[in-house]
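J.: Right, I'll just put the structure down here and ask away after.
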Amino acid sequence: MKVLVSDKMDEIGVEIFRKQEGIEVDVKTGLSPEGLKEIIGQYDGLAIRSATKVTKDILDAATNLKVIARAGIGLDNVDIPEATKKGVAVMNTPGGNTVTTAEHAIAMMMALTRNIPRGTQSLKEGRWEKKNLEGREISNKTLGVLGFGNIGSIVANLGKGLKMRVIVFDPNISSDHIEKAGFEYVTLDELFKQSDYITIHVPKMEATVNLLNAGAFAKMKNGVMVINCARGGIIDEAALYDAIKSGKVAGAALDVFATEPPGEHPLLTLDQVIATPHLGASTKEAQTNVAVAAANQIIAYLLHDTIINAVNVPSVTGEVLKQLKPFLYLAEKMGIMQGQMTRGGVKSVDIEYIGQFPDLDLKPITITAIKGLLSQFVQHEVNSVNAISLANGLGIKISESVSKESGNFLNLIRITLVSDELTNILEGTIFGKDDARIVRINKFRL
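The numbering of the sequence shown is the numbering used here, which starts it at 510 and goes up by one.
Dropping the structure here:
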């Protein structure tokens, strides 16, 4: 099996390929799209970071390609639907850089509050400006953590270790789970009103674009400081500029921008703004972790048919997948719909299989439903391997049951979701060979 490493990757990851019997690896970085297209047909596996763009054009030429692994989280540079059509497994390496990103957020908060970048520049320019660069203590201040996923929960614990009062808002995690973790759950408006510092750890999606806008800034304390090491576009940058100029916001620490690189951005003209060029995951340890994970995942897939952290295929063998395929499709769509319908932190999901199903383990169907649900609100890519553990980490209780009772349908999947605010019930069935349909939404039968 041949593997191409087309982006710069930690040498430890490359060495894993070289030492693995049955794997031949080539490292060819900096290829143009034409250059990659010319050679990609030779390879069974492709290891990338962010530079390589795996487009439909590239995939059309990748006649032997079986797996793509990204040493990192983001997969914006891969045409996942096209890869799925062509039977190419697409994987990422979540978890390899969560600590690194959390530490960067705390470092940015400290640097901002103590004027470290301005102090460094001032001293290098021959000035000794102690009075003008007076900072503030963070101890006993209130840290508002917006998003309590893998990174947000680490930031919350780090803030607690710094003797800050930590409050948390996450619309998709139950208040019970957050409080059991030792933190105070508040509404979004309360987080805005109470926080001395606000740090963002939510994914960028339709519901979070410009979440921190002019209206949000108006609700905040005078002198609040804002940290964003998540994704650009969650803050309305024009509104942030105005809030800083008016004195409402005392400062901002930004690792991400709506457009990157930001160019001659108005925010970068302000002394109250410190910024880094998307360095959240840029540590030696993180880059080693993701390179090792990507190499091991490709090897496991090519040599052992083991799927780890795939974002476009459930972790089942080909024969089982063939039998479960229509049910997997239905379950994912039902999970997505539940994610779109819910409000408040999700507490539990119950999945019932009623009637005739293949005489196989139905766990992959449950996993696929949970994957669809979580895809609507978690920060990282969700896949069939990590869906259940992510749900457990968010305090979501998952139950499943099987009943052979006959009803109006030959087979029926019923998904009942309970959140802090509501209960939603969906039912779906497969007619014939693969005609997937939703047949009930709460009290309405379709």
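Ideal placement from N, C-alpha and C gives every residue a C-beta, glycine not left out.
As the structure is a prediction and not an experimental result, all values here were calculated from the model.
Between A945 and L839, which are expected to be in contact by the criterion C-beta below 8 Å, what is the C-beta distance as a whole number of angstroms?
T.: Taking the first residue of the sequence shown as position 1, residue 945 is located at position 436. Taking the first residue of the sequence shown as position 1, residue 839 is located at position 330. Yes, A945 and L839 are in contact; Cβ-Cβ is about 4 Å, under 8 Å.
J.: As a quick exercise: from M673, I939, K754, pick the residue whose alpha carbon is nearest that of Q865.
T.: Your numbering for residue 865 matches position 356 in the sequence shown. The shortest Cα separation from Q865 among M673, I939, K754 belongs to I939.
J.: Can you look up I660 in the DSSP assignment and give me helix, strand or coil?
T.: As a first step, residue 660 is located in the sequence shown; it is residue number 151 there, counting from the start. I660 falls in the helix class under three-state DSSP.
J.: For the alpha helix (DSSP H) that K689 lies in, which residues bound it at each end?
T.: Counted from its first residue, the sequence shown places residue 689 at position 180. From DSSP, the alpha helix (DSSP H) with K689 extends over 684-689.
J.: Cβ of L667 within 9 Å of Cβ of A752?
T.: One-based indexing of the sequence shown puts residue 667 at position 158. One-based indexing of the sequence shown puts residue 752 at position 243. Not a contact, by the Cβ cut-off of 9 Å.
J.: What whole-angstrom Cβ distance do I743 and L720 have, given they're in contact under 8 Å?
T.: To locate residue 743, count along the sequence shown from 1; it is residue 234. To locate residue 720, count along the sequence shown from 1; it is residue 211. About 5 Å; that satisfies the 8 Å criterion.
J.: Pull up the CB-CB distance for I525 and A804, whole angstroms please, since I reckon it's below 8 Å.
T.: Locating residue 525 in the sequence shown gives position 16, where the first residue counts as 1. Locating residue 804 in the sequence shown gives position 295, where the first residue counts as 1. So it is a contact: roughly 4 Å between Cβ atoms.
J.: Below 8 Å, how does it come out for the segment 677-685 and the segment 641-651: are there three or more Cβ pairs, yes or no?
T.: In short, these stretches do not touch, since the Cβ pair count stays below three.
J.: Which residues mark the beginning and the end of the beta strand (DSSP E) in which L652 is found?
T.: Here the question's residue 652 lines up with position 143 in the sequence shown. Its beta strand (DSSP E) spans residues 651-655.
J.: How many Å lie between E930 and K906 at the Cα?
T.: Numbered from 1 along the sequence shown, position 421 holds the residue referred to as residue 930. Numbered from 1 along the sequence shown, position 397 holds the residue referred to as residue 906. Approximately 16 Å between the Cα atoms of the pair.
J.: With H, G and I counted as helix, E and B as strand and the rest as coil, what does DSSP make of I743?
T.: Numbered from its first residue, the sequence shown carries residue 743 at position 234. Of the three classes helix, strand and coil, the one that applies to I743 here is coil, per DSSP.
J.: Between G732 and A767, is the Cβ-Cβ spacing less than 9 Å?
T.: Within the sequence shown, the letter at position 223 stands for residue 732. Within the sequence shown, the letter at position 258 stands for residue 767. Their beta carbons are not under 9 Å apart, which means G732 does not touch A767 by this criterion.
J.: Quick one, which of K537, A665, I521, N659 has its alpha-carbon nearest V514's?
T.: Reading the sequence shown from its first residue, position 5 is the one you call residue 514. Looking at the Cα atoms, K537 is the closest of the given residues.
J.: Where do the ends of the beta strand (DSSP E) carrying T938 lie?
T.: What you label residue 938 is simply residue 429 of the sequence shown in a count that begins at 1. 932-940 is the extent of the beta strand (DSSP E) around T938.
J.: Name the residue from D868, G661, T609, A896 whose alpha carbon lies nearest to the alpha carbon of K880.
T.: The sequence position of residue 880 within the sequence shown is 371, counting from 1. Nearest of D868, G661, T609, A896 to K880, Cα basis: A896.
J.: Taking C-alpha atoms, which residue in I557, Y862, R558, A592 lies nearest to D956?
T.: Because the chain spans 510 through 955 in this model, residue 956 falls outside it and cannot be assessed.
J.: On the DSSP bridge list, what partners appear for D929?
T.: In the sequence shown, residue 929 corresponds to position 420, counting from 1. According to DSSP, which records beta bridges pairwise, D929 is partnered with nothing at all.
J.: Which class does V563 belong to by DSSP, given the choice of helix, strand or coil?
T.: Translated into the one-based positions of the sequence shown, residue 563 becomes position 54. In the structure shown, V563 sits in a strand (DSSP, three-state: E or B).
J.: Pick out whichever of N737, A739, K757 has its Cα sitting closest to the Cα of K730.
T.: Stepping through the sequence shown from its first residue, residue 730 is reached at position 221. Closest option to K730, Cα to Cα, is K757.
J.: Apart from the five residues just before and just after E533, which ones in its own chain have a Cβ nearer than 6 Å to its Cβ?
T.: Against the sequence shown, residue 533 aligns to sequence position 24. These residues qualify, in order along the chain: K511.
J.: Could you spell out where the alpha helix (DSSP H) holding M618 opens and where it closes?
T.: If you number the sequence shown from 1, residue 618 lands on position 109. 607-622 is the extent of the alpha helix (DSSP H) around M618.
J.: Alpha carbon to alpha carbon, how far is T797 from T651? Give it in angstroms, no decimals.
T.: One-based indexing of the sequence shown puts residue 651 at position 142. One-based indexing of the sequence shown puts residue 797 at position 288. Their Cα atoms are separated by approximately 34 Å.
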